[in-house]
DNA sequence: CTTGAGCCTGTAATTAATACAGGGTTTAGC
DNA sequence: GCTAAACCCTGTATTAATTACAGGCTCAAG
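Protein chains in written order, with this note's numbering: chain A, 2 to 137; chain B, 2 to 137.
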């Protein structure tokens, strides 16, 4: 057994393991997303697998579009009794936001594709499509 | 007909008409997304409907997730200052960019929806979303 | 004529990082 | 045992994209 009993990480090791930038870890410490870790005798930060878990949670949440403030809220729920309704509501409101962005991007993509097609002639492009986007 | 013949806007009026913050207009001027407008005798900025059009385009593009730098590229296309080949290339590379963004957002949306679907809601002690974010 | 709204300028604060500068330590090679 | 690279520490500065504020002018209404 003894697959990984209380492995320690330096800041650099934690950065590699979590996929979070070295400096960003210190930043998260400053804004209290991450706790002040214990230090070794030489003053180096000494992280545990719990820290790795928490930091990975933060990274994933950020990648899903949660702001640092929202992540702080999620972490509070992780730490305490998590209020499932609150989490779900936050997730779904982000889904709405993303869906809207996707729809808008689709429209602009069509407009740009149309414009590119008109550019094929070799003359100065007619910006009718962009104009249309401007008017709407 | 004379629906709107060369209406002038103050900075405040332009802000209201475009939906862009008053201060942001000055900022766009500083980073050259917006031109230095003519001034009235008292030094006030004097905008036209062309400025409004351009600023609205910038706002929409920003809302669609383009960086200010990317918006600058889009505006070059709108201005038609480039030869057709350059314009077409820029347009198509932006289409790629948008397609990529759409794909990424689609993945995010699926991930969030999947997590939310597994979440029972209510005040149950376990939250599927948080569990997923905590997974090793 | 005197408020107050609106304009002007330059600078500071905000969010979410990232990048130094100028040090101290640790480890790997010779 | 010694040197040099690699890694850690701190604090501060920079980035992007705004937004806010301080300290003044000016214009329109009562």
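The C-beta atom is built at its ideal place from N, Cα and C for all residues, glycine as well.
Being a predicted model, the structure only gives us computed values, none of them experimental.
- When CB distances to chain B are screened at a threshold of 8 Å, the residues of the segment 65 to 95 of chain A falling below it are 65, 66, 75, 78, 79, 82, 83, 84, 85, 86, 88, 89, 92, 93 and 95, in chain order.
- Taking 9 Å as the cut-off, the beta carbon of residue 35(B) is found closer than this to the beta carbon of residue 55(B).
- Residue 17(B) does not reach chain A, its nearest Cβ partner there being about 18 Å away, counting only Cβ pairs nearer than 8 Å.
- For residue 57(A), the uninterrupted alpha helix (DSSP H) segment begins and ends at 50 to 64.
- Chain B places a beta carbon closer than 9 Å to that of residue 105(A), counting this residue as a contact.
- For residue 21(B), there is no enclosing alpha helix (DSSP H), as DSSP gives it neither H nor E.
- Contact check for residue 85(A) against residue 118(B) fails: the beta carbons are separated by 9 Å or more.
- Assigned with DSSP and collapsed to three states, residue 12(B) falls in helix.
- For the options 115(A), 33(A), 41(A) and 73(A), the alpha carbon positioned closest to that of residue 93(B) is the one of 115(A).
- Taking the Cα positions, residue 67(A) is about 9 Å away from residue 91(A).
- Distance from residue 38(A) to residue 52(A) at the Cβ level is roughly 6 Å; contact confirmed, criterion being Cβ atoms closer than 8 Å.
- Taking 9 Å as the CB threshold, residue 35(A) stays off the interface with chain B.
- Within chain A, the residues 65, 66 and 99 have their CB atoms less than 7 Å from the CB of residue 109(B), given in chain order.
- If you look at residue 44(B), you'll find it isn't in any alpha helix (DSSP H); DSSP assigns it neither H nor E.
- A direct Cα-to-Cα measurement between residue 45(B) and residue 8(B) gives close to 15 Å.
- Under the Cβ distance rule, residue 49(B) does not count among the residues neighbouring chain A, no pair being separated by less than 9 Å.
- For residue 13(A), same chain residues with a beta-carbon under 7 Å away, outside a window of 5 residues either side, are 23 in chain order.
- The alpha-carbon separation between residue 76(B) and residue 70(B) amounts to approximately 10 Å.
- Counting along the chain, residue 69(A) sits inside the alpha helix (DSSP H) bounded by residues 69 to 80.
- If you compare the alpha carbons of 73(B), 108(B), 101(B) and 89(B) with that of residue 30(B), the shortest gap goes to 73(B).
- The C-alpha of residue 19(A) is placed about 9 Å away from the C-alpha of residue 58(A).
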